[in-house]
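Enquirer:
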Amino acid sequence: MTSSGVRPLPSQLGAEIHACRYFPELVADTVAMALGEEPVAAHLVHQEATFNRDEIQRHLSVLVLTPTRLIVSHTDENNEAGGPPQALTTTESVPLGRIGSVALSQVVSNAERYGSRRSTLSEAWLAVSWGTMRRVDLEPAQCADPTCDADHGLTGMIAGEDITVRISTAADGAEKVQQLLAFGTALQQVTGAHR
Numbered sequence: 219m220t221s222s223g224v225r226p227l228p229s230q231l232g233a234e235i236h237a238c239r240y241f242p243e244l245v246a247d248t249v250a251m252a253l254g255e256e257p258v259a260a261h262l263v264h265q266e267a268t269f270n271r272d273e274i275q276r277h278l279s280v281l282v283l284t285p286t287r288l289i290v291s292h293t294d295e296n297n298e299a300g301g302p303p304q305a306l307t308t309t310e311s312v313p314l315g316r317i318g319s320v321a322l323s324q325v326v327s328n329a330e331r332y333g334s335r336r337s338t339l340s341e342a343w344l345a346v347s348w349g350t351m352r353r354v355d356l357e358p359a360q361c362a363d364p365t366c367d368a369d370h371g372l373t374g375m376i377a378g379e380d381i382t383v384r385i386s387t388a389a390d391g392a393e394k395v396q397q398l399l400a401f402g403t404a405l406q407q408v409t410g411a412h413r
């Protein structure tokens, strides 16, 4: 049992969380609490650096796919001046039927040689939306007249974007890129079955 009294995580998932050395017991406990008794179909652990003014802070995302849900866990440093070190961890459980979109993008070097050893996958992106977060991109509206200097207001786009994970060979290694592809593919296949 974990310190919260729930069943421990599968060994490979637990080992990947502990290998990050970023509040491993806290992260493992919060993921295990959300997971409960459900089996793990696939998982992805991703650690990245974020920049906050003059500081570099770490951020850890853990995505777990079960037969019924996508569990998304985020853990960040949450230090306050003069206070003890803190971490903020959030875990969201999304029913698979609620996932609206799973986009898996690949950046391939020497794409004309795809399928041979001379083509390489340099990075991959996974974007998943389920309707919790929306991003609004606005820009000045323009007309067809190049001499017009009137204010035409704004135009924009609203995009659903609940989570985006980017993993590159240069920063994270080829094995981690392959893990993202495997997880994203498993998520695409299972969400298609839940429509």
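Per this note's numbering, the sequence shown starts with residue 219, numbered consecutively. No residue lacks a Cβ here, since even glycine has one placed at the ideal position from N, Cα and C. Computed from a predicted structure; not experimentally measured.
Start and end of the beta strand (DSSP E) containing ALA305?
Expert: Note, ALA305: beta strand (DSSP E), 305 to 313.
Enquirer: Just checking my contact of VAL245 with THR284 at CB under 8 Å: how many whole Å lie between their CB atoms?
Expert: Not a contact, Cβ separation roughly 17 Å.
Enquirer: Say whether the region 336 to 347 touches the region 309 to 323, bearing in mind that this needs 3 or more beta-carbon pairs closer than 8 Å, one atom from each stretch.
Expert: Yes, the region 336 to 347 is in contact with the region 309 to 323.
Enquirer: Only counting runs of 4 or more residues, tell me where the alpha helix (DSSP H) segments fall wholly within the region 240 to 301, in order along the chain.
Expert: As far as the region 240 to 301 is concerned, its whole alpha helix (DSSP H) runs of at least 4 residues are 242 to 253.
Enquirer: What three-state label does DSSP hand GLY374 in the structure shown?
Expert: Reduced to three states, the DSSP call for GLY374 is strand.
Enquirer: Is DSSP giving LEU231 helix, strand or coil here?
Expert: Correct three-state label for LEU231: helix.
Enquirer: With a threshold of 6 Å, establish whether the CB of VAL326 neighbours any heavy atom of the ligand GTP.
Expert: Summarising the ligand content, the structure contains no ligands, and the ligand GTP is consequently not present.
Enquirer: Go to GLN360, then tell me how far its alpha helix (DSSP H) extends in each direction, as first and last residue.
Expert: It is not in any alpha helix (DSSP H) - GLN360 carries neither H nor E in the DSSP assignment.
Enquirer: So what does DSSP say about ALA342, is it helix, strand or coil?
Expert: Reduced to three states, the DSSP call for ALA342 is strand.
Enquirer: Using the Cβ count rule (16 or more neighbours within 10 Å means buried), how would you classify PHE241?
Expert: Buried: at least 16 other Cβ atoms inside 10 Å.
Enquirer: Assuming VAL320 is part of the beta strand (DSSP E), what are its boundary residues?
Expert: Run containing VAL320: 319 to 327, per the beta strand (DSSP E) assignment.
Enquirer: Check each candidate in ASN328, SER386, THR373, ASN296 and name the one with the smallest Cα separation from GLU273.
Expert: Nearest C-alpha to GLU273: ASN296.
Enquirer: Less than 6 Å between C-beta atoms, sequence neighbours within five positions excluded: which residues of the same chain meet that for SER386?
Expert: So the list reads GLU341, once near-sequence residues are dropped.
Enquirer: Please go through the same chain and pick out, in chain order, the residues whose beta-carbon is closer than 6 Å to the beta-carbon of GLY402, but skip the five residues on each side of it.
Expert: Closer than 6 Å at Cβ, skipping near neighbours: LEU322, LEU344.
Enquirer: Starting from THR409, trace the alpha helix (DSSP H) in both directions and tell me its first and last residue.
Expert: Element bounds for THR409: 392 to 411.
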